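Numbering (the numbering used here), first residue to last: 35 to 130. Note that the Cβ used here is the ideal one computed from N, Cα and C, for glycine as well. Please read these numbers as outputs of a predicted model, since none were measured by experiment. Okay, so here's the structure we're looking at.
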Amino acid sequence: MHEALLLLKKIPKGKVTTYGILAGICKTSPRAVGRIMKTNPYPEDYPCYKIVTSSGKVGNYSGKGGIKRKVYLIRKDGVPVIAGVIDKRNFYRFIK
């Protein structure tokens, strides 16, 4: 299992993180993180919906239900989504 997927479990309720933040921790590129999330075999166990773009836009979601489902899951987790964007105050930054 890739480290990027394992780190998803550390993102607390009410927070999301970005492809870039996760890429920095995993020493890879944001695009590589996106590919890892796209091929996540266990989205129920490894919540890839918690990954957004650095601008706060929700971004893509290849899981069942697409972007609408991603927005629903983010909101259910306690993160406000306004016009498809998440305030950067809701970004989680990992501590190593």
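Under the Cβ criterion (8 Å, minimum of three pairs), the stretch 45–60 does not count as touching the stretch 96–105.
Per DSSP, Y106 is one residue of the alpha helix (DSSP H) stretching across G100 to K110. DSSP, read as helix, strand or coil, puts K122 in helix. Looking at G68, K47 and I129, the one whose alpha-carbon comes closest to that of V86 is G68.
Between G118 and K91, the gap from beta carbon to beta carbon is short of 8 Å. Sequence-distant partners of V113 (beyond 5 residues in either direction) whose C-beta falls short of 8 Å from its own C-beta, in its chain, are G48, K49, V50, I120 and N124. Y80 is not a Cβ neighbour of L107, given a cutoff of 8 Å. Distance from the CA atom of R127 to the CA atom of N94, rounded to whole angstroms, is 21 Å. Minimum Cα-Cα distance from K44 among the listed residues K104, K84 and V115 corresponds to K84.
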